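Residue numbers for the sequence shown follow the numbering used here, beginning at 2 and rising by one. Below is one structure; the comments refer to it alone.
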Amino acid sequence: MNIIKQATYDSHDVHIHSRDYVFQGFIQVEKVCLTHRLFNQTEYTPVIQRELIRRPEAAGVLLYSSAQQKVALIEQFRIGAMDDADSPWQLEVIAGVLDGDESPESCIQRESLEESGCSIGQPTHLFTFYPSAGACAEIFHLYSADVHLPSEGGVFGMPDEGENIKLHIINYRDVPDLLTSGRLKNAPVIMALQWLQQRINTTGSV
Numbered sequence: 002m003n004i005i006k007q008a009t010y011d012s013h014d015v016h017i018h019s020r021d022y023v024f025q026g027f028i029q030v031e032k033v034c035l036t037h038r039l040f041n042q043t044e045y046t047p048v049i050q051r052e053l054i055r056r057p058e059a060a061g062v063l064l065y066s067s068a069q070q071k072v073a074l075i076e077q078f079r080i081g082a083m084d085d086a087d088s089p090w091q092l093e094v095i096a097g098v099l100d101g102d103e104s105p106e107s108c109i110q111r112e113s114l115e116e117s118g119c120s121i122g123q124p125t126h127l128f129t130f131y132p133s134a135g136a137c138a139e140i141f142h143l144y145s146a147d148v149h150l151p152s153e154g155g156v157f158g159m160p161d162e163g164e165n166i167k168l169h170i171i172n173y174r175d176v177p178d179l180l181t182s183g184r185l186k187n188a189p190v191i192m193a194l195q196w197l198q199q200r201i202n203t204t205g206s207v
């Protein structure tokens, strides 16, 4: 099997002609004009104009309990899903944006307390990825953590930040049906639950 461990080109093969902010708020939008190398050629593309969305670096964590055979997900309103045919209220892993020079681990420990009331120790890093590299520069760090979960869910979040978050406690046996139900529509929760399901199928438990 040929595993591609290194990209064909790197940032030196991109030439930035101009970049200007067209909007600056919680997110920023840049207008970028650039050229980049073409595969198997020495030439570059013509000048390309793109809009680039800049969001703060973020981190999320899947809370699960190997002792209780349960997993925790949260549900909240999401503006990006406002026009979703089923519901703007999305099921997700606990997540948040990094505060200044905060580490991803510190971020998920803080967010876990705010969004579930659960304290986590040393989490396990699963993946670091771009959720939507075609238009957005956001980087997302995904973790898992084995914790003691409450017997029931509840409502959490920071009201002064506009958060209204419902915690769901789900049995391991319901994870396969949830993954194929169409209810999950964001990458981190799908990736995290697929990781969990793979571990369960391989070892019999997590």
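Cβ atoms here follow ideal geometry from the backbone N, Cα and C, with glycine treated the same way. Predicted model, so just to flag it, every value in this text is computed and none were measured.
- For residue 145, the enclosing beta strand (DSSP E) starts and ends at 141-147.
- For residue 84, there is no enclosing alpha helix (DSSP H), since its DSSP letter is neither H nor E.
- Rounded to whole angstroms, residue 29 and residue 12 show a C-alpha spacing of 21 Å.
- When the beta-carbon positions are compared, residue 50 and residue 72 stay at least 9 Å from each other.
- Assignment of beta strand (DSSP E) within the region 134-188, counting only whole runs of 3 or more residues, yields 141-147, 155-157 and 166-172 in chain order.
- Here residue 198 carries a helix assignment [DSSP, helix/strand/coil].
- DSSP lists 73 and 146 as the bridge partner or partners of residue 64.
- Rounded to whole angstroms, the separation of the alpha carbons of residue 68 and residue 61 is 22 Å.
- No residue range can be given for residue 42, since it is assigned to no beta strand (DSSP E) and is classified by DSSP as neither H nor E.
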